[in-house]
Amino acid sequence: MVSSVPLIYSAPQSRKRTPRLSWRAFAAVPPLAFLLIFFVWPVVAIIARGLWPNGQLNLSAFGEVLSDPSIRRVLWFTLWESVASTVLCVAVALPGAALFARYRFRGKRLLWSALLVPFVLPTVVVAVSMLGLFGGRGVVGIDLSGTVWLVLIAHVYFNYAVVVRTVGSTWSTIDPRFEDSARTLGATPWQVFTRIVWPLIRSSVAAAASIVFLFSFTSFGIVMILGGVRNRTIEVEIYDQTAKFLRLDSAAVLAIVQLLAVITILLWFGRSQRRRAVVFDQRSAVETAHPPLNVRQRFFVASNVLFIVIFLGAPLLVLFIRSFSTPTGWSFAFYQALGDSRGGSTSFVPPLDAVGNSLTYALLATVITVILGLCAALAITGTGSKKSRSARWADTFMMIPLGTSAVTVGFGFLIVFDEPPLNLRSSMWMIPIAHAIVALPFVVRLLVPALRSIDPKLKEAAATLGASPQRVWFSVELPIVGRALTAAAGFAFAVSLGEFGATAFLVRPDRPTVPVAIFRALGRPGEANFGQAMAMSTILMGITVFVLLAIDHFRPAGVSEF
Amino acid sequence: MSQPFFEVDAITVESPNTQKTIIRDVSLTVERGEVVAILGSSGAGKSTFLRAIAGLVPVVTGRIFLDGTDLAHTPTHKRDIGMMFQEHALFPHLDVGQNIAFGLKLAKVEKTKREARVSELLNVVGLDGFENRPIASLSGGERQRVALARTLAPSPRLLLLDEPMGSLDRVLRDRLVPELGEILRSLELAALYVTHDYAEAFALAHRIAVMDDGNIVQCDTPEVVNAAPVSSHVAGLLGHRSRWR
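Chains A and B supply the protein sequences, listed in that same order.
Note that the working numbering has the first sequence beginning at 1, numbered continuously upward.
Note that the working numbering has the second sequence beginning at 563, numbered continuously upward.
What follows is the structure, encoded as structure tokens:
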């Protein structure tokens, strides 16, 4: 990937050398401290727990865990289901990428936005909707529950947009005359793809594929609900070792293995990116797309659009419909039952309370994330130049939680903040803070480009008019960044609402979030509980889609894939 | 009279984007070894005309014959028509040699013959020894020559050149136009050369077809077109502003 050079250098070369601490550099302190306490410390604690179980370096726990046949099965399954999910997802999504890169058709913009819906949907909701389609009581009539197929389909469903949007954006910048040239030189349409298009999109396919792989490798909610007893990922195993068997040492070993695997994948990916990237003059997407020219192209466009609409829409539609279809006919019965507290059971919490809990947590998480994200973005962009080393370091550091899984965060919190000096076990801040760790990288990613997009001339103009840096910020930048902030807040809210991996570790039995309540309802037998899971999923889906639409509305114009 | 080598018979072409007619009922012939220039201002439909001949955009009505066969149902890659594009569209992931060998590879020419042909063509365009150069390292003029070599490599029956000098500066153009003329004459290829520059058209073509708003308004030898332009528009394209006031 080529980083663009800022068009206008705001500072002359000579001034760049003098280290000048702007007020903005101090903005880095709160997010860095937050990450150190709530991310680095827990991760270090996990590593310590795995390597020094009794205060002494002891690797025998490693050997023990890794030689356990059932854990070996888990490792093997995690690896191969991630590879299978990735290959399947790329294969299914490439035609979609071609569709958006090369053709103009009615509703293209809308469909492009709609693609993001599955990506931001809570994993639990997607899992429930898959059960609605292919489960024992599913509408398709084929029962795939407990098989690996359902897991794979759900992973493809989730990541379809990642591949289509990442690859589609790159593909759309390729000059169509490369393809025309190849055609006139005797290449069939298939040869045009394999010899011209593929080499040029390959690095972006690899980028998308590595995201899909990481997601599938660290998949928790999907596998918990759809995997059945036999298909379990490392994440699920970490949870079971912790919550069911109380073997924290084994869980720590597994978390370390997972961390190592993720780091290896990221490093390998970074290297292959540098080796493979082909630099070419990019064209604007507007001139590279055209309406379908002949019958074949019309068929390609129509079938692709139809596939996307059905593939993306059917699970959600089924979820919605099933939540109203009760054994006694169409009614709101499942929804009404959400408020009931069942007599005689002390462990049961009315699902409607979960909605309140979720909204409270999400609000707190949003406040934390947006404040910290803004501080981080200000510090990263404050140095003016993108090339500044400290800015790059800060940028990379903020992204690290992206590579680790939510389960790692949850597990780390569990072993660190359960005892002095920082006992948050019963604090209501525990879950929002964990959600903030998960959401922070996304929020920084949304805010940094927005801050960078501000024309330096605007700032200089304000400065020459006698405005102090602070005044410049409040009068010039804040209004511009406001839109991005709104989008970031919406995103953080959506992430928190749907978060399941970390929450599963940290939730208190009497204060479940909606995803946890859905998971519990699925675990109880009977049509009524299944229907209630459907109803809660529909509510969660509704809130998330609403937030997503708001994000799309407030998203700063001209920002790339996400 | 025998059939012409290449014939466009009253074709009409619509814009894929707007469905507006871009080429209206245009006919044209090209003989073996003949270079016909299509001269017109930008937006006259010249490029679309070439793209229709190559089969890159569909023809609404009319027919195209090459060496006696109707091309209506022949897809682009089977037409044996070479096309050189504005800005050259050299494949950025391949080096110079691989770019030129691209068409040969598709035609399953074996490796030794392929390499011989590539160096032969590099010699023709005056770039001996450039085989392993990356595309990004080439200058504008070198790119133009590589693009020509790549187009010529599979020995197309008809050569289409879409403003091949369009992205080059004046000085370079003045040097390359005579060179290109020599290459085209020595190969005795049938060629259609699209340009908006009358000097290029005069330097290269046996005949000039003047295109305006999707029609060919005049088609004759450079001398006749120059001496007797049929309209003020044609005269304007030739730079004869004063005579047609």
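Note that CB positions come from ideal geometry on N, CA and C, so glycine has one too.
Item                                                                                                                                                                 : Value
For residue 99/A, decide whether its Cβ has a neighbour in chain B, counting only Cβ atoms nearer than 8 Å.                                                          : no
By DSSP, does residue 745/B sit in helix, in strand, or in coil?                                                                                                     : helix
Hey, residue 137/A and residue 411/A: beta-carbon distance below 8 Å or not?                                                                                         : no
For residue 588/B, tell me which candidate among 663/B, 779/B and 754/B has the shortest Cα-Cα distance.                                                             : 779/B
What are the boundary residues of the beta strand (DSSP E) that residue 627/B is part of?                                                                            : 623–628
For residue 343/A and residue 358/A, what's the separation of their Cα atoms in angstroms?                                                                           : Here the model assigns residue 343/A a pLDDT of 47, short of 50, so the residue's position is not dependable, and the following value carries that caveat. Each residue's Cα considered, the two are about 24 Å apart.
From which residue to which residue does the alpha helix (DSSP H) around residue 361/A run?                                                                          : 351–382
Would you call residue 661/B buried or exposed, if buried means 16 or more other Cβ atoms sit within 10 Å of its Cβ?                                                 : buried
Whose Cβ in chain A lies nearer than 8 Å to the Cβ of residue 618/B?                                                                                                 : 180, 183 and 184
Nearest chain A C-beta to residue 636/B closer than 8 Å, yes or no?                                                                                                  : no
For residue 220/A, report the span of its alpha helix (DSSP H) as first-last.                                                                                        : It is not in any alpha helix (DSSP H) - residue 220/A carries neither H nor E in the DSSP assignment.
Taking residue 753/B as the reference, which of 628/B, 579/B and 774/B has the closest Cα?                                                                           : 628/B
Looking at the C-beta of residue 644/B, does it have a partner C-beta in chain A at a distance below 8 Å?                                                            : yes
To which residues does DSSP link residue 601/B through a beta bridge?                                                                                                : 757/B and 772/B
Going by DSSP in three states, residue 696/B sits in which element: helix, strand or coil?                                                                           : strand
If you measure from the beta carbon of residue 196/A to each beta carbon in chain B, is any gap under 8 Å?                                                           : yes
Let's see if you can read the secondary structure: which residues bound the alpha helix (DSSP H) around residue 64/A?                                                : 60–67
Using a Cβ-Cβ cut-off of 8 Å, state whether residue 175/A counts as contacting chain B.                                                                              : yes
Is it right to say residue 423/A is buried, meaning 16 or more other beta carbons lie within 10 angstroms of its own, or is it exposed?                              : exposed
Taking beta-carbon pairs under 7 Å, can you tell me which members of the segment 655–689 of chain B lie near chain A?                                                : 655, 664, 665, 668 and 669
Could you give the first and the last residue of the continuous beta strand (DSSP E) run that contains residue 568/B?                                                : 568–576
Do residue 179/A and residue 196/A come within 8 Å of each other at the CB atom, strictly closer than that value?                                                    : yes
In chain A, what lies closer than 7 Å to residue 579/B by C-beta?                                                                                                    : 290 and 291
Hey, would you say residue 408/A sits closer than 8 Å to residue 258/A, going by beta carbons?                                                                       : yes
Under 9 Å, CB to CB, which of the residues in the segment 49–61 of chain A have a partner in chain B?                                                                : none
Which of the three DSSP states, helix, strand or coil, is assigned to residue 329/A?                                                                                 : strand
Compute the distance between the beta-carbons of residue 770/B and residue 791/B, then report whether it is under 8 Å.                                               : no
Could you work out which residues of chain A lie near residue 653/B, taking near to mean beta carbons separated by less than 7 Å?                                    : 178 and 196
For residue 591/B versus residue 583/B, is the C-beta spacing smaller than 8 Å?                                                                                      : no
Between which two residues does the alpha helix (DSSP H) holding residue 296/A run?                                                                                  : 295–322
Do the CB positions of residue 150/A and residue 226/A come within less than 8 Å of each other?                                                                      : yes
If you draw a straight line from the C-alpha of residue 577/B to the C-alpha of residue 290/A, how long is it?                                                       : 10 Å
Does the pairing of the segment 497–515 of chain A with the segment 366–378 of chain A give three or more beta-carbon distances under 8 Å?                           : no
Quick check on the DSSP output: what are the complete alpha helix (DSSP H) runs of length 4 or more inside the segment 177–217 of chain A, in order along the chain? : 189–192 and 198–217
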